[in-house]
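What follows is a short report on a single structure.
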Amino acid sequence: MLKFLSVRVEDHIAVATLNHAPANAMSSQVMHDVTELIDQVEKDDNIRVVVIHGEGRFFSAGADIKEFTSVTEAKQATELAQLGQVTFERVEKCSKPVIAAIHGAALGGGLEFAMSCHMRFATESAKLGLPELTLGLIPGFAGTQRLPRYVGKAKACEMMLTSTPITGAEALKWGLVNGVFAEETFLDDTLKVAKQIAGKSPATTRAVLELLQTTKSSHYYEGVQREAQIFGEVFTSEDGREGVAAFLEKRKPSFSGR
Numbered sequence: 001m002l003k004f005l006s007v008r009v010e011d012h013i014a015v016a017t018l019n020h021a022p023a024n025a026m027s028s029q030v031m032h033d034v035t036e037l038i039d040q041v042e043k044d045d046n047i048r049v050v051v052i053h054g055e056g057r058f059f060s061a062g063a064d065i066k067e068f069t070s071v072t073e074a075k076q077a078t079e080l081a082q083l084g085q086v087t088f089e090r091v092e093k094c095s096k097p098v099i100a101a102i103h104g105a106a107l108g109g110g111l112e113f114a115m116s117c118h119m120r121f122a123t124e125s126a127k128l129g130l131p132e133l134t135l136g137l138i139p140g141f142a143g144t145q146r147l148p149r150y151v152g153k154a155k156a157c158e159m160m161l162t163s164t165p166i167t168g169a170e171a172l173k174w175g176l177v178n179g180v181f182a183e184e185t186f187l188d189d190t191l192k193v194a195k196q197i198a199g200k201s202p203a204t205t206r207a208v209l210e211l212l213q214t215t216k217s218s219h220y221y222e223g224v225q226r227e228a229q230i231f232g233e234v235f236t237s238e239d240g241r242e243g244v245a246a247f248l249e250k251r252k253p254s255f256s257g258r
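Sequential numbering of the sequence shown, starting at 1, is according to the UniProt record's numbering.
Structural data, given as structure tokens:
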């Protein structure tokens, strides 16, 4: 039973809408919903393409920070990161194309979700970024490993260390998204691309997605594992706790380096 995702199917396209007000945060329940969605899609021969978009103002503004307050040990934080990593790996390994339609913002866990999709389209003014360092944390859902694959190591380093998001138009320039559309028509325009793909032989689209997976080296998976471990360590550090507390209290954090 999907709690925060609603799905409609038309012309072999499953349109999944994320509705977790107010900012479509990537909570543990949303992760479980995403996994269930992909499981359903894989079993339904009528579905050839999946389009995911967010209800309201955002695609997803990031992880559920309030959920972080219940995490007290490094092991718990590592397990939380691993949940996101496994979920998004499931998305990327889906045998049917998954497309993210991004408006408003795709930040932190929201961008990590979008990067696990096979294609991304955004509005020109959408904000995309990994601002976790402002919380005294690091990306934990494979963001440190996926972002460089799209924008290159130097740009990925800049985006993470400065925590400065880029616009949809800039994301197109850097190869992070496949195209940008006007705010008023972005979902319809994304669906046009999805319909073009849905018209192809499912066997051939499945083959292409399988072959693209082989471009990921063992170093990628080693990096993902290390990311989860470090996320747990950073999360339970003094700076990690201070960053989360400052965010919830709506104040500037004071980092000590511990």
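Cβ coordinates follow ideal geometry from the N, Cα and C atoms, glycine included.
All values derive from a computational prediction rather than experimental measurement.
- Item | Element boundaries [alpha helix (DSSP H), containing residue 3] | No alpha helix (DSSP H) holds residue 3; DSSP gives it neither H nor E.
Residue 186 CB to nearest heavy atom of the ligand SAH below 7 Å = Because no ligand of any kind appears in the structure shown, any question about the ligand SAH cannot be addressed here.
Between the CA atoms of residue 89 and residue 6 - distance to the nearest angstrom = 21 Å
Between the Cα of residue 100 and those of 73, 45 and 189, spot the shortest distance and give me the residue it belongs to. 189
Own chain, CB closer than 7 Å to residue 141, minus 5 neighbours either side, in chain order: 81, 84, 85, 88, 109 and 112
According to DSSP, residues forming a beta bridge with residue 53: 17 and 101
Compare the C-alpha of residue 258 against each of 102, 37, 224 and 137 and name the closest.
137
Mind checking which residues open and close the beta strand (DSSP E) that includes residue 143?
Run containing residue 143: none in the beta strand (DSSP E); it sits in the alpha helix (DSSP H), 143 to 151.
| said: residue 62 and residue 18 - do their beta-carbons sit closer together than 8 Å? | reply: no
Between residue 207 and residue 116, what straight-line distance do the alpha-carbon atoms span, to the nearest angstrom?
-> 18 Å
key: residue 122: first and last residue of the uninterrupted beta strand (DSSP E) it sits in   = 119 to 123
DSSP beta-bridge partners for residue 60? 106
message = Once the 5 residues before and after residue 224 are set aside, which same chain residues still bring their CB inside 6 Å of it?
response = 85, 142 and 145
Would you call residue 70 buried or exposed, if buried means 16 or more other Cβ atoms sit within 10 Å of its Cβ? exposed
query = Looking at C-beta atoms only, is the number of pairs between the region 225 to 234 and the region 89 to 98 that lie closer than 8 Å three or more?
reply = no
(message) Does residue 128 come out as helix, strand or coil in the three-state DSSP assignment?
(response) strand
Q.
Under DSSP, the alpha helix (DSSP H) around residue 177 begins and ends at which residues?
A. Residue 177 -> no alpha helix (DSSP H), and no H or E assigned at all.
| message | Taking the alpha-carbon of residue 184 as reference, which of 126, 232, 163 and 212 has the nearest alpha-carbon? | response | 126
query: DSSP beta-bridge partners for residue 9?
result: 14
Query raised in the report: Which runs of the alpha helix (DSSP H), 4 residues or longer, sit entirely within the region 156 to 234?
Result: 168 to 174, 186 to 198 and 202 to 213
Measure the C-alpha to C-alpha separation of residue 164 and residue 156 and round it to an integer number of angstroms. 11 Å
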